[in-house]
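Going letter by letter, the sequence shown gives residues 1 to 564 in the UniProt record's numbering. Just so you know, even glycine gets a beta-carbon here, dropped at the ideal spot from N, CA and C. Note that this is a predicted model, so its numbers are computed, not measured.
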Amino acid sequence: MFVSKKTHNQAHKQTYKQTRNQAHKQTCNQAHKQTYMFKRTTLLKLLLLSALLFALLSPIGFVSAAEPGGSTFYTNLNEHNSTPDGAVFFIVDGLGSYYLFPELKGETLSGESIQKAAVPVLTNIWNSGFRISEMKVPVPVTEKGHSVLVTGNPSADSEMVGYTDSSFMDILREEGFLCIGVMQRGDFESMRGKFDVIIYDKTNSVNNMDFTVQTNSFEDSNPKIVSEIASVFNSQKNRASSYMDSKDTSEKYAGYNRWGIDTAYEVLTVMEKYPGQKFIVVVNVGAVDSTGHYRGYYAYLDAVERLDKDLGKLFEKCRRNNLFFIFTADHGMSFEEQNKKSGGHSSTKYAKTKEALYIPFIVYGNSIQKNIYYSETGQEDAAPTLLSLFNIAAHPRFSKGNVLPAKEKPTLYVEAPESVQIQLYQVTGGGEQIVFNSLGFDRSSGYSSYSVAGLEQGNYLLKWNAADSSSGSGSKIKYSQEEAGFYLTADMTIDLSDYSAKSSDFLPSMTGGFGTSGTGFGSDSGGILSKFTKPVYFLLIAIINIIGAAGIYYLYKKEGFSKL
């Protein structure tokens, strides 16, 4: 094909122009890209610089992450002895300790000595565990007794139970527990509302029982398990009449108790399928109380003995599954004469008797000491003691009870208003021996609370840093080492705010050799960052961030941020 010279030159010129334009465009794009990358890198550097200055100047860099109400340091010095994941809290309506414990000598109103029920199962439990010889109830009435048991308050009633965080069920739920109820008595409305699932007798009557299943919705509940237990409850509800079909009155009453025991047993069978799920089953059986009221002294002893025989199956299930078993009552029972067919506990002539006022309290399980505690205690001590078994420091909001020394190795809780480092010594005839040093675990962190479990019973010395009260309000706060000695038999909480404790990121040198003074921006001679100087640092941080933001805006105000 023939092409003229003119046409050839035009084509060559056009090709050259296109090539030049493409090269120019590529060069411009590369330049824009380099400019974009430079700006983005500069922005990132400014942001990183701002973050670095924030980290360096922040008080968190000195005091660690634990502030008031902050993190808790947990340690167990007896880790090979695992804490159970569950418990059965077994309440016998109307069972007085004077009908059980050999050291207690009771009598009728007419002065007759009362006999002890033959209870080999319970005897084996308390010989292998811990029991209280004398636990006194404030008021020997069913509703009051159950209210005191779950709240730890001696003046508790059903209204108090209804408040938020008022019961041990509320506290346990916050720790991930399922709360399950099998209640023949003591099942008033506010009590029922504390359980994830409960079966209760609406009539509280042996002869006219009407069992009802109720589920309650809680944020952290486990619907699958709750549904499965509710199914078990409905099955047991349908079987209830078969427990009561005996023509023998004593056996009929025993069958009522047996139904409650068997229902709790079936709950434990369900929970075996969910290892690691923490739970508590609160059980109340009511026929012992009914027998005392309507059938007299001898029938009452017989009802206790039949209960003991049926209890073995449930207790063995607890033992095999490493569960705590707590056995107690809401009140006792008193009789005017042995041969009379009725007794009581709340009416005037019975309410002040020791037989009506004293109840058993028995604890069995892993880490429970074998011991009898002879000092008088109160029913309000039950709730905090139960929580202590699971190494839970919190008590119900209205609790006034004490933690009883049921555990073989108690727990020490230390609370401080700010993060603090502590050292704990056991004091013996040979001197002081360090048993816990918070610096030995994480020297870079402080905590505002500590839980040290698995301690031997005995004398201890706690050391920490506290503000020197002699320093004037206008002078720099000085810190001195404080210490407190105490004898530990049961779980104990030491609140360092009672000693004017302040925050510290280390402990000064002590006998035995521990961390020395740290230095750093803003630290004083003791390495302490006073809470009164924190506002200055926050002000500096704010100024630096404002300047940084202004610089970034000035750098890009002509180009804008759209390209980024």
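8 Å Cβ cutoff met for residue i and residue j
i	j	result
residue 599	Y364	Look at the range of the chain in this structure, 1 to 564, and you will see that residue 599 is not part of it.
T385	A406	yes
V403	L424	no
S399	T151	yes
V281	V88	yes
D289	R185	yes
H293	G255	no
T377	D491	no
A230	T215	yes
Y358	S97	yes
residue 566	H331	Nothing about residue 566 can be reported from this structure: the residues present for the chain run from 1 to 564 only.
P84	N371	no
Q369	F130	yes
Y243	A287	no
Whole-angstrom distance between residue j and residue i, CA atom to CA atom
i	j	result
E189	S346	22 Å
I225	D170	18 Å
Q421	V414	10 Å
Q426	E337	54 Å
N207	D310	20 Å
W259	Y373	32 Å
N391	T348	40 Å
T428	G458	8 Å
F168	I547	53 Å
E456	F335	44 Å
A299	L461	54 Å
residue 565	L488	Residue 565 is absent from the structure shown; the chain starts at 1 and stops at 564.
S250	D302	8 Å
L496	G401	21 Å
E272	N321	8 Å
D165	W126	31 Å
F325	L77	24 Å
S133	I199	32 Å
S438	G276	28 Å
L149	G430	42 Å
K354	E418	47 Å
K144	M333	15 Å
A173	A394	Just to set this straight, residue 173 is Arg in the shown sequence, not Ala. If you take the alpha carbons of R173 and A394, they lie about 12 Å apart.
V285	T291	12 Å
V267	R239	15 Å
Local Cβ density within 10 Å of residue i, reported as buried at 16 or more and exposed below that
i	result
G513	With a pLDDT of 31 at G513, under the threshold of 50, the predicted position of this residue should be treated as unreliable, though the coordinate-derived value follows. Classification of G513: exposed, given that the 10 Å Cβ count is below 16.
F486	exposed
E175	exposed
H80	exposed
P223	exposed
Y265	buried
G94	buried
Q115	exposed
P120	exposed
E380	buried
K136	buried
S147	buried
E483	exposed
T203	exposed
K317	buried
Q433	exposed
Q236	buried
S448	buried
N257	buried
D201	buried
T142	buried
Contact test: residue i Cβ vs the ligand COA heavy atom, cutoff 7 Å
i	result
Y265	Absence of the ligand COA from the depicted structure is noted, as is the absence of any ligand whatsoever, leaving it without description.
Any chance you could list the alpha helix (DSSP H) runs of at least 4 consecutive residues sitting entirely within the region 172-204, in chain order?
189-192
Those runs of the alpha helix (DSSP H) which lie wholly inside the region 378-435 and span at least 4 residues:
382-389
Ignoring anything shorter than 4 residues, give me the alpha helix (DSSP H) runs that lie fully in the region 272-347, in order along the chain.
287-295, 297-320
Does the structure place the region 96-107 close enough to the region 191-208 that three or more beta carbon pairs sit under 8 Å?
no
Quick check for students: name the residue ranges of the alpha helix (DSSP H) that lie wholly in the region 79-144, counting only runs of 4 or more.
120-127
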